[in-house]
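Chains as they are written, first to last, in my numbering: chain A, 155 to 573; chain B, 155 to 573.
For each residue, glycine too, the CB sits at the ideal point set by N, CA and C.
A quick note: this is a predicted structure, and the numbers were derived from the prediction, not measured.
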């Protein structure tokens, strides 16, 4: 299995087509903003990637090898994808729905959705014999890249913004990455990583320009299409930072529809933090993307200058989609609810998705009877400080941890008599 | 599928047999130290749980329903077990082996091995219509119980010792458990939870006395037996705190051998922290268990009075096993190596297992040509402080995170010219 199922790379701005080539990352005409998209020979894939063929394959995301831009022999050993989808009836009722499904991508090897992209990025770098891979990231792409690179003995260089929380830095350091913490915003951090990749000749894993990464992200959509294709939810919801994740999920859903695994396509709900919502704003007002300040505790979606904004807007439009914006307080409330009502502990950016679903219900975007699947993109252990804040906030003044001396009377003082 | 495959409960001290009964937890004759063990009708199970039957089941640990003490209808929705096994050739060479496999149980829903036990505990409590489930724990059993209980809307009451690190407390609080932090040792914490369970009539999830929990833990052994039964490694290694985990894994391995899924049994390596090693000491000197102080940064195995010590010693003896003890410094070094050489980020108690394998190699217990599987029982995100300490220690004086201003010259000053 090689890359023979790929027909071309197409520029998402000018629609020019180019043959697949190792050194081609962005459109030669449009420059860095001309992000390329991989196109496949879907007729051929339809004959080869049948339901019967899939039933004999492993559950990880390399099962969709015909729809990935690299040979499986380069795949890192860590098991990516195949994440569970849980029904969450109690949480559903709380946010005003009858049916809510949670796809827990925090179950990936480094505990985030980004493992999907990083595993493909590292595989492509290996196929091209690249000794070093680099990226800038708000945190999850970074720790994910560091882990995937470590698993195959590849050097990684990671540019993180000042804002990245300690657990994510701990992951980077422990995986042995070269970690450069840039004393500035995510935007400066991104630009510096681009310059350094050019200067040092490192393989550039930035989703914002590398056409292969979104192919990894789309596997979440492929999985939803394969698992739920005969009972597709009305909506698939995911939070939006750079824009690449929502575009990837949509691409995967479309491909599974095209191949007949899904009977219909869902609509897409994109959720942004109120203080970091350039894509939501552009979509609502049908105006060009405007850079903005990014200010939210949901560090994974704290992006004021989205590099994949066009792809995200295109996905939202194609999907007859909608957007919702949420406050940090709503995010923290959703974090507590998702954990305490469904047993799934997520990071703020994933809680934002649940908060956004509730917003969309309250605003009438989503009807009570419509079914929704939330893609939860990161594990709550990634940001335990926010979790404690969420627990304190929802404990309404009292502490969520009760200190007690080691005797039963002390317990009884706190909890009262047996009922 | 109900509990009809169970023949009896047998006391691990006096070997008396009792019929399965809801209210029976420990041996009526021996009291609290008479831990009971579930016995199955293996002939019948051999006819029903065939390789062919398993091939049609889901990958989670409820696939072994005939060998579990509760009907699958009570299983919580979260996907437990089916964790990946990775070959780790570079890490193998570093610890002096040719073949080292890593079973990453940090991939469970709440990021630890303990989800195996908690899912079974919650299922049994549901089957018995219990509204509240309680336990004491060094941390992982607690967060796991809180998550599993939350997923089915059951109340949980958790007793944790002072030592539990913040990420684990964050998990408890966010899952909505009633968290009692006992201002004392694990031993006092355990006793208080026992007293409170009796007083309040809560269902007691303590592995130390509840015979059903070890049945959940054994599923790791069942999975190893099913996956590797035709090429069983020479050793299975795991770190030891209370003793229940190693006993559970051994029970699972034995059952898969008995059912013909495995051609042979591995030997077992039990690893303890040097300053919390009562089981290792008793095994080495063939003397009764002596309580001791527990002093190690590996909080999950910081147990001075192991409640399942007898079961652990029995497993070690039956398995022609061995023990190794490791220092905190060796644990931190193994933590860094496991992450940077295999891409698997683990908590200190799991790193102890890798450190113990190296110790056992150096002491000649394990030969270079023997193959070893390490069960890694918890995700590194559970204790990021130790991870940062490990990264700092192994960075030899320099910081593992490099602060840099946002320009290429600053990067070049730190990293030098392109090669």
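With 8 Å as the threshold, decide whether the Cβ of residue 354 of chain A is near any Cβ in chain B.
-> yes
Which term fits residue 270 of chain A, buried or exposed, when burial requires 16 or more other beta carbons within 10 angstroms of its beta carbon?
-> buried
Per-residue DSSP class, three states only, for residue 275 of chain A | helix
Indicate whether residue 362 of chain A and residue 396 of chain A have their beta-carbon atoms separated by less than 8 Å.
-> yes
Smallest Cα separation from residue 258 of chain A: which of A/544, A/542, A/529 and A/570?
-> A/529
With distances taken between CB atoms, is the gap from residue 373 of chain B to residue 215 of chain B smaller than 8 Å?
-> yes
Members of the stretch 376-389 of chain A that neighbour chain B once the beta carbon cut-off is set at 7 Å = none
Listed by chain order, chain A residues near residue 369 of chain B by CB distance under 9 Å = None at all; the shortest Cβ gap to chain A is about 21 Å.
So with Cβ pairs under 8 Å, would you call residue 213 of chain B a contact of chain A?
-> yes
Residue 237 of chain B, buried or exposed, once every other Cβ within 10 Å from all chains shown has been counted against 16 = buried
C-beta neighbour in chain E for residue 558 of chain B, strict 8 Å | No chain E appears in this structure, whose protein chains are A and B.
Beta carbon proximity, residue 335 of chain B to chain A, threshold 8 Å = yes
Residue 282 of chain A versus residue 176 of chain A - alpha carbon distance = 7 Å
Proximal chain B residues relative to residue 538 of chain A, where beta-carbon distance stays under 7 Å = 320, 321 and 324
DSSP state of residue 455 of chain A mapped onto helix, strand, coil | helix
Of all the CB atoms in chain A, is at least one closer than 8 Å to the CB of residue 453 of chain B?
-> no
Residue 160 of chain A to residue 226 of chain A, Cα distance in whole Å?
-> 15 Å
Counting Cβ pairs, one atom from each stretch, are 3 or more of them under 8 Å apart for the stretch 289-296 of chain A and the stretch 353-368 of chain A?
-> yes
With a CB to CB cut of under 6 Å and the five nearest residues on each side skipped, what residues in its chain are close to residue 512 of chain A?
-> 249
Residues of chain A with CB under 8 Å from residue 338 of chain B, in chain order?
-> 559 and 560
Determine whether the Cβ of residue 563 of chain A lies closer than 8 Å to any Cβ atom of chain B.
-> no
Pick out whichever of A/563, A/505 and A/405 has its Cα sitting closest to the Cα of residue 426 of chain A.
-> A/505
Going straight from the alpha carbon of residue 534 of chain B to that of residue 322 of chain B, what length do you get?
-> 11 Å
Which chain A residues sit within Cβ distance under 7 Å of residue 191 of chain B?
-> Per Cβ cutoff of 7 Å: no residues; residue 191 of chain B is ~29 Å from chain A at best.
Say whether the stretch 508-524 of chain B touches the stretch 414-431 of chain B, bearing in mind that this needs 3 or more beta-carbon pairs closer than 8 Å, one atom from each stretch.
-> yes
Taking Cβ-Cβ distances shorter than 7 Å, what residues in chain A pair up with residue 351 of chain B?
-> Per Cβ cutoff of 7 Å: no residues; residue 351 of chain B is ~11 Å from chain A at best.
Kindly list the residues whose CB is nearer than 6 Å to the CB of residue 434 of chain A, restricted to its own chain and excluding five residues on each side of it in sequence; keep chain order.
-> 426, 477 and 479
Sorted by chain position, which residues of the same chain lie with C-beta nearer than 8 Å to residue 174 of chain A's C-beta, five sequence neighbours on each side aside?
-> 157, 160, 162, 163, 192 and 223
Start-to-end residues for the beta strand (DSSP E) that takes in residue 194 of chain A = 190-194
Helix, strand or coil: which one does DSSP assign to residue 249 of chain A?
-> helix
Determine the direct distance from the alpha carbon of residue 190 of chain A to that of residue 366 of chain A, and round the result to whole angstroms.
-> 9 Å
Could you list which residues in chain A have their beta carbon closer than 9 Å to that of residue 343 of chain B, in chain order?
-> 560
DSSP beta-bridge partners of residue 389 of chain A | A/421 and A/526
Return the residues of the stretch 290-320 of chain A that lie within a Cβ-Cβ distance of less than 7 Å from chain B, sorted by chain order.
-> 301, 302, 304, 305, 307 and 320
Buried/exposed call for residue 280 of chain A, threshold 16 Cβ in 10 Å = buried
Whole-number beta carbon distance between residue 317 of chain B and residue 453 of chain B, since they are thought to touch under 8 Å = 5 Å
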